[in-house]
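Numbering (my numbering), first residue to last: 17 to 600.
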């Protein structure tokens, strides 16, 4: 039976978690809500295609770079203050983005939004570790997965609705009341007692080098289809990224408080979790990008309908995370479920690589559900096992490190998938050149302007949505695009296999029953008791007796008693006469 004190403790945990969930939902929703409205937003602001790309890339860039910085700061200063700071920054940036009057202004505030969002995502996991032990954390991680799923699917739907009914400005304003509500809840409910380090040292040089390395890499990988894999842009961008990375590693091995301690990679669990997270990043970001394109281009659905079609993946992710989280907390076993999730990711990715323009939507939904279930089983549990095996003093950098490499790996994976898609599409269009020319010529007899627009779009390498197109050309585009997108999904198969192999080699350690703050307190008490013991005077040995002590009248008798107590010798038996003589 649960005692009143246990009920109170559970209620306090749930209250604090509600604030973290609200902050996470605010971040996810604000990041995804503009997905379906971006063409309208940039066009209304008079932006170019390059600015369109930067509105998206800048947020991704600042989120990825800021994540490990927030994580390191979480180990050095008060985490609650950091979380509230990230919320304030995010809310102000969201309001500024909604007030934007130019594409440049929007890009600037989206960059700030990414910095604040990176803090919300990184700190929410660190603070959850402060509130919950690894053993009980599993059953609550499903809530975070559910929030991420709802934000990923619901964001574009809400954005399209707000743009159509009110204004695109409300795509950004929607995050303001959510952020304010999260700020109020966290201020009242989040209570942690974090030990302060003796001296706070910020690795400014490491921050600069990481920003340069990740910045050039992400900008290059986001635009590599425009630059080309073999181009001078690729040469100098990748070159700068490599040099900055080498410099970053050297600096991190020298400074007192490294941004990402290289010692973390000596931890087998951390290193393998990073490798496994790469495939998860591709699953999360890649499927979101290319499944939406498949539904709109290969199946002829509109943006809102395409968003609804991806619900099976969100349901799989949320359902698996909730159910498996409960089982992990109840049994303390996690390895079997993470391995199962890795297998499902391989199966789901392989199934998606078989999609065609006429694949049954029910079957496509099953494919997405399988991949979503695999992602739900692995994503949060990998963070859990890393937090469980990491020194509690480095919980911030370890948690954010996994998220950072997942984001970067996912971005690189998306670029590679895009390159494969473009190459496959070019070859397939060349093979169907005669059919395409015949279809466009047929359209030109009734609508010359439409025929010209379609021809220009296909010549430029674009994949236009087929909704509303004449059937003659729409069928060809659907067939080509579906095959090209399925080829892109093939990139995820070896990455999913890599993830599964890494998961299989994860050490099957038991989950700790203490949260981060309790572990730190126990470690401090142990260190204090060790210091007391080491400071206590040592027992005197035989050599410690000096000559004056050896000449003391009682020394000889005391020495005999000490030896007799060990059983080495027997005390001499004294007679009553001797006792009386001694007494006199």
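Glycine residues also receive a C-beta, built at the ideal position from the N, C-alpha and C atoms.
- Every unbroken stretch of the alpha helix (DSSP H) spanning 4 or more residues and falling wholly within the region 497-531 is given here in chain order: 508-520.
- The residues 229, in chain order, have a CB closer than 7 Å to that of residue 261 in the same chain once the five nearest residues on each side in sequence are set aside.
- Closest in C-alpha terms to residue 466, from the list 446, 490, 204 and 449, comes 490.
- Burial is judged here by how many other beta carbons sit within 10 angstroms of a residue's own beta carbon; residue 59 has fewer than 16 and is exposed.
- Between residue 188 and residue 134, the gap from beta carbon to beta carbon reaches 8 Å or more.
- Per DSSP, residue 425 is one residue of the alpha helix (DSSP H) stretching across 411-447.
- Counting the other Cβ atoms within 10 Å of the Cβ of residue 361 gives 16 or more, which makes it buried.
- Between residue 145 and residue 532, the beta carbon gap of about 5 Å places them in contact (Cβ cut-off 8 Å).
- The beta carbon of residue 521 lies closer than 7 Å to those of 288 in the same chain, with the five residues before and after it left out.
- The beta carbon of residue 351 lies closer than 8 Å to those of 522 and 524 in the same chain, with the five residues before and after it left out.
- Take residue 129, set aside five residues on each side of it, and the residues of its chain with a beta-carbon closer than 7 Å to its own are 46, 75, 106, 109, 110 and 113, in chain order.
- Taking 8 Å as the cut-off, the Cβ atoms of residue 499 and residue 372 count as close.
- Taking each of 337, 63 and 368 in turn and checking the Cα distance to residue 356, the smallest one comes out for 337.
- Closest in C-alpha terms to residue 193, from the list 27, 368 and 38, comes 38.
- Counted as a single uninterrupted DSSP element, the stretch harbouring residue 317 is not any alpha helix (DSSP H), since DSSP gives it neither H nor E.
- Counting C-beta atoms within 10 angstroms of its own C-beta, residue 472 has fewer than 16 neighbours from the protein chains shown and is therefore classed as exposed.
- An exposed status is given to residue 278, since fewer than 16 other beta-carbon atoms sit within 10 Å of its beta-carbon.
- Fully enclosed alpha helix (DSSP H) runs of no fewer than 4 residues are not present anywhere in the region 73-110.
- Judged by pairs of C-beta atoms under 8 Å, the region 412-431 does not touch the region 311-328, as fewer than three such pairs exist.
- Within its own chain, the residues whose Cβ lies closer than 8 Å to the Cβ of residue 100, once the five positions on either side in sequence are excluded, are 199, 202 and 203, listed in chain order.
- Rounded to whole angstroms, the separation of the alpha carbons of residue 250 and residue 334 is 39 Å.
- A Cβ-Cβ separation of about 6 Å places residue 456 in contact with residue 470 under the 8 Å criterion.
- By the Cβ neighbour-count rule, residue 282 is exposed, with fewer than 16 other Cβ atoms within 10 Å of its own.
- If you look at residue 258, you'll find it in the alpha helix (DSSP H) that goes 248-268.
- Assignment of residue 337 by DSSP, reduced to helix, strand and coil, places it in the helix class.
- Going by beta carbons, residue 84 and residue 276 fall inside the 8 Å limit.
- With a beta-carbon spacing of about 12 Å, residue 161 and residue 329 fall beyond the 8 Å limit used to define contacts.
- Closest in alpha carbon position to residue 512, among 370, 49 and 363, is 363.
- In this structure, residue 131 and residue 78 form a Cβ contact; the two beta carbons are roughly 5 Å apart against a cut-off of 8 Å.
- Out of 367, 400 and 36, the CA that lies nearest to the CA of residue 341 is found in 400.
- The beta carbon of residue 444 sits closer than 7 Å to the beta carbons of 496, 499 and 500 from its chain, once the five residues preceding and following it are set aside; these are given in chain order.
- Buried is the label assigned to residue 427, since at least 16 other Cβ atoms lie within 10 Å of its Cβ.
- For residue 184, there is no enclosing alpha helix (DSSP H), since its DSSP letter is neither H nor E.
- Take residue 437, set aside five residues on each side of it, and the residues of its chain with a beta-carbon closer than 8 Å to its own are 306, 500, 501, 503 and 504, in chain order.
- A direct Cα-Cα distance of roughly 13 Å separates residue 178 from residue 191.
- A distance below 8 Å separates the beta carbons of residue 184 and residue 56.
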